[in-house]
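Right, one structure below, let's go through it.
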Amino acid sequence: MTITDDPPETADDPVAGGPVSDVGVDAAPPGGAAPYAEPTGLAGLFASGEHKTIGRVYLACSAIFGLLALVVGWLVALEQIDMATIDVFGNAEGYFRAVVLFRAAIVFLVVVPMFLGVAMVVVPLQLGAPSVAFPRLAAASLWAWLVGSGIFVASILADGGPNAGGDLAAIELTHLALGLTVVGLLAGSISILTTIVAQRPPGMTLFEVPLFSWSMLVAGGVWLLTLPVLVADLALGWVDLRGTDALFFETPVLGNYRYLEWVFEQPQVFAFAIPLLGIVAELVPILFGIRQRLYGVMMGAIGGFGLLTVGAYAQPAFNTDVRTEAPYVVQSLLLVLPLLVLLGGWADTAVRGTKVRSPRPTPQLALGLAAVIMLLAGAAAAALRVLGPAIGGLRELGRNDRSWQDGLDDFLDPLEDLAGTSALSGMFNYVVLAGLLAAVAGLHYWAPKIVGRTLNAPLGYLSALALLGGTVLFSLPEIVNGFLEEPDAPYVGPVDDGVEALNIVVVVGGVLLVVGLLAVGANLAVSARWPGPGPGPDPWGGHTLEWTTASPPPRGNFLVIPVVQSEAPMLDPAPDEEAAAHPDAEEAPA
Amino acid sequence: MSDLSPIPPAPVLPRPRTLLVGTTFAIAATLMYFAALFGVYLHQRSLFVKAGQDWIPAGADIQLTAPSMVLWTLILSAVTMQWAVYSIARDDRRHAYMAIGITMLFGVMTLNQTAFQYVQMGLEADNSRAATLIYVISGSHIAMTVVGILFLGLTGFRALAGQYSSRHTDGISAAAMWWYALIFVYAVIWYAIFVTK
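Chains as they are written, first to last, in the numbering used here: chain E, 971 to 1560; chain D, 1346 to 1542.
This is the structure in structure tokens:
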């Protein structure tokens, strides 16, 4: 049987079933049971509950969807150059559908499944687990997501979308398909979260899990508490559409998109970038070969960032004033703080590490640092969008004292006018594309475990450069255009001079993004065609358990799971070294 | 008498309660789904009340008898569910099978009562915001109940196969957690929708 969900006393649970040795826990099945035959061909693909296979399919499919999403985003940008003369999508409804397709696809078909794909491969390895928890659920999540995503794209192409005057059956299909996609991602998240909580190796407390696994715990927790709200919105919209009239969700321009847009705005959109922080947190200490100091603070910063991204309450459809209310404003302003704490922690590691050894730059580090900078830019844009309401609130508090306010008015008015402008698109693009950069960084870093070989470094740097340049050019002009009063898509309206030129820059950014993603695909193809010598278990000098097993890992992942003593087990002294360092230890009374 | 086992046995490591943890996460997500629906329901109803309009459309007749029957049935099922957990924890398999079966029967009865209520209240599905919300919320609870019955059926079959005992009660305990969650959700439905109308 390919998909296994064995009872705890049997093979897949070394903690429960394996004999305990003095150096660790034997992961082999008790009684010397014969290993499972490795399925091949289509059976190996479709019937597999093997976490690495599931993760690889997640990554491959999300990369294909990524290309589709970026091309659609590029076409949207092309039409935005001059809405009056350039007509890519035929009419306003087609343009609206394309905007929805880009935003929903880049989040739910690309960034979140890419992180989930990396986590599906890496998290069990980091925890010394033979498999992911609930392998059947993990497989079901993959296929539910994939089928839902395919139907979602097809429904949009068939004049569906969130009720923008298209075909009613296709609109219903859009609601169902997006719901299925999100439910699939939630099922995968449950599998990952349970693995982290319940399948850690002996000696590893929850506060010693590697930072990528920790970031997935935080991200999965936030997704699990917020995305069901999106499913509820979709369920309401779907039921409402089935009658003769759409009563509840009918609105003149945006249709049901009004009930979905909170997902693509701050603070919720930042929830989709949380694993980014974990990936970079893995990369920086390895660059210098030292431990991350203040590990608990770093975990707290990632957790704090996660808390600040909970945005299911911020639905303008039900509360039109939510964007100017204190919780939303404060949350948006604070988002940048945990990022600064994390940057401080990494700077500390860099300062101490340079005294130990010269850093060894890698493509994944370039990608990861680019991702952090882009996320920081997104957080700054989020703060900029609420500065107007924030300062307006301060004005209200001090309205009796006009002396300090008058001089600020000229400066503040443009900020207050940012609401409803393309600054939202700029912020959204920064955040989700930072997520894409980080996912590619994770792919580079864990490529030995995911595909069994290291990726080509020059092509890696090329993709990093193209994706970084593309992200900046695709996002920053949109924020500047916000000050020039360009309405946020899908609205259209009169704009100030200079918007057209900046939108041409956005189009160039879109081209760079597509080139960057194609470079990642080419890198995988080159590495497959000319694999070179095997990377060995640990080509980077990693600190965590995944680097103790072969590349790619065998079925079951580990022959012997070491007992873990710290958050960086590969830096811990071996038992014999420890005994030599403490010769009196054995004579101590029991 | 000599000691035949000079090496002490290895300590028993705590077994990860994977199924309980996973079920807890699934319940958390489900409760958030219902919390969102209740939030929309109460918000929309408050708008109608403030405007002085009738929330339940004319012609619909929402009586409390059927929902109360459902709630009492579910409360009884909580007792039988706990009976199953109690029995398996004491290796009393026969009582565990019986308790699981009765709980499933109670679940089927609530579905029947809900179907009766749908016919009785005569609320057209597509002519008001109240109808949309009531059918989405109660329909989602039906789905949750069906999942609960299937979960119980699965654990029942696994119990018959000897997979659960006093050493390993996780499956039945996890199904019980899900069952208690669906009772809690129905209690909120009963009060927020049918009592306060």
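Even glycine gets a Cβ: it sits at the ideal position worked out from N, Cα and C. Source: prediction; values computed, not measured.
Could you tell me whether any Cβ in chain D is nearer than 9 Å to the Cβ of E:S1161?
-> Under the Cβ distance rule, E:S1161 counts among the residues neighbouring chain D, one pair being separated by less than 9 Å.
Name the chain E residues whose beta carbon is nearer than 7 Å to that of D:L1382?
-> Listed by position along chain E, the residues whose Cβ is nearer than 7 Å to that of D:L1382 are A1202.
Return the chain-ordered ranges of every alpha helix (DSSP H) run that is complete within the segment 1214 to 1301 of chain E and spans a minimum of 4 residues.
-> Scanning the segment 1214 to 1301 of chain E for uninterrupted alpha helix (DSSP H) segments of 4 residues or longer gives 1238 to 1241, 1244 to 1258, 1265 to 1278, listed from N- to C-terminal end.
The segment 1390 to 1400 of chain E in contact with the segment 1440 to 1449 of chain E per 3-pair CB rule at 8 Å = With a cut-off of 8 Å, the segment 1440 to 1449 of chain E and the segment 1390 to 1400 of chain E count as touching, because enough Cβ pairs lie within range.
Give a yes or no on whether the C-beta atoms belonging to E:P1245 and E:G1491 are separated by under 9 Å.
-> Going by C-beta atoms, E:P1245 is not nearer than 9 Å to E:G1491.
Between the segment 1476 to 1496 of chain D and the segment 1446 to 1461 of chain D, do at least 3 Cβ pairs fall closer than 8 Å?
-> The answer is yes - the segment 1446 to 1461 of chain D touches the segment 1476 to 1496 of chain D, with three or more Cβ pairs under 8 Å.
Since E:Y1461 is in the alpha helix (DSSP H), which residue starts that stretch and which ends it?
-> E:Y1461 -> no alpha helix (DSSP H), and no H or E assigned at all.
Which residues bound the alpha helix (DSSP H) around D:D1515?
-> Counting along the chain, the alpha helix (DSSP H) containing D:D1515 begins and ends at 1515 to 1534.
Any chain E beta carbon closer than 9 Å to D:L1468 = With 9 Å as the cut-off, D:L1468 does not count as an interface residue toward chain E.
Host alpha helix (DSSP H) of E:F1066 (start-end) = It spans 1062 to 1074 - the alpha helix (DSSP H) in which E:F1066 sits, taken as one unbroken run.
Three CB pairs or more closer than 8 Å across the segment 1307 to 1317 of chain E and the segment 1225 to 1239 of chain E | No: the two stretches stay apart, fewer than three of their Cβ pairs being nearer than 8 Å.
Out of curiosity, what's the CA-to-CA distance linking E:F1182 and E:W1500?
-> Approximately 30 Å, taken between the alpha carbons.
Sort E:A1202, E:G1207, E:V1450, E:L1029 by Cα distance to E:P1132 and report the nearest one.
-> Out of E:A1202, E:G1207, E:V1450, E:L1029, the CA that lies nearest to the CA of E:P1132 is found in E:G1207.
Where do the ends of the alpha helix (DSSP H) carrying E:G1323 lie?
-> Segment 1306 to 1324, the alpha helix (DSSP H) holding E:G1323.
Report the residues of the segment 1141 to 1168 of chain E with a CB closer than 7 Å to any CB of chain D, ordered along the chain.
-> Answer in chain order: L1156, I1160, L1163, T1164, V1167, A1168.
Contact check, E:A1349 vs E:L1309, beta carbons under 9 Å | Yes, Cβ-Cβ distance for E:A1349 and E:L1309 is below 9 Å.
How about the segment 1192 to 1205 of chain E and the segment 1379 to 1395 of chain D: do they share at least three Cβ pairs that are nearer than 8 Å?
-> The segment 1192 to 1205 of chain E, when compared against the segment 1379 to 1395 of chain D, does touch it at the 8 Å Cβ threshold.
Are there 16 or more other CB atoms within 10 angstroms of the CB of D:E1469, so buried, or fewer, so exposed?
-> A residue is called buried once 16 or more other Cβ atoms fall within 10 Å of its Cβ, and D:E1469, having fewer, is exposed.
Within chain D, partners of E:A1103 - CB distance below 7 Å | Chain order gives the chain D residues near E:A1103 as T1363, G1367, where near means a beta carbon separation below 7 Å.
Are the beta-carbon atoms of E:V1179 and E:E1537 separated by less than 9 Å?
-> Cβ distance < 9 Å, so E:V1179 and E:E1537 count as in contact.
C-alpha gap between E:L1194 and E:P1524, whole angstroms = Distance between the alpha carbons of E:L1194 and E:P1524: 31 Å.
Unbroken stretches of the alpha helix (DSSP H), 4 residues or longer, contained in the segment 1411 to 1455 of chain E = List check, alpha helix (DSSP H) in window: 1417 to 1420, 1427 to 1453.
Reducing DSSP to helix, strand and coil, say where E:V1179 ends up.
-> Residue state, collapsed to three classes: coil.
At a Cβ threshold of 9 Å, is D:H1486 touching chain E?
-> With 9 Å as the cut-off, D:H1486 does not count as an interface residue toward chain E.
Out of curiosity, what's the CA-to-CA distance linking D:A1418 and D:I1528?
-> Just to set this straight, residue 1418 of chain D is Thr in the shown sequence, not Ala. Their backbone Cα atoms lie some 10 Å apart in a straight line.
For D:T1490 and chain E, any beta-carbon pair shorter than 9 Å?
-> D:T1490 has a beta carbon lying at 9 Å or more from every beta carbon in chain E.
Sequence-distant residues of its chain with Cβ nearer than 7 Å to E:G1512 (five each side left out) = Cβ within range, chain order: I1256, M1540.
My understanding is that E:A1351 touches E:A1408, with C-beta atoms under 8 Å, so please give their C-beta distance in whole angstroms.
-> The pair is not a contact, with the Cβ atoms about 18 Å apart (cut-off 8 Å).
For E:G1019 and E:R1106, the rounded distance between their alpha carbons | Between E:R1106 and E:G1019, the C-alpha separation is close to 6 Å.
Cβ of E:A1520 within 9 Å of Cβ of E:P1509?
-> No, the Cβ-Cβ distance between E:A1520 and E:P1509 is not below 9 Å.
Please work out which residues of its chain come closer than 6 Å, Cβ to Cβ, to E:L1394, disregarding the five sequence neighbours upstream and downstream, and give them in chain order.
-> D1458, listed in sequence order.
Give every residue of the same chain whose Cβ lies closer than 7 Å to the Cβ of E:A1417, excluding the five residues on either side of it in the sequence, and list them in chain order.
-> The answer, listed in chain order, is R1423, T1424, L1425.
Grouping DSSP H, G and I as helix and E and B as strand, with all else coil, what is E:V1530?
-> Here E:V1530 sits in strand by DSSP.
Helix or strand or just coil, what does DSSP make of D:T1455?
-> It is helical.
Starting from E:F1288, find everything on chain D with Cβ-Cβ shorter than 9 Å and list it in chain order.
-> Near E:F1288 (Cβ distances below 9 Å), the residues of chain D are G1384, V1385, H1388, Q1389.
Using only alpha-carbon positions, find the residue among E:A1434, E:F1288, E:L1095, E:S1392 that is nearest to E:Q1334.
-> With distances taken between Cα atoms, E:Q1334 lies closest to E:A1434.
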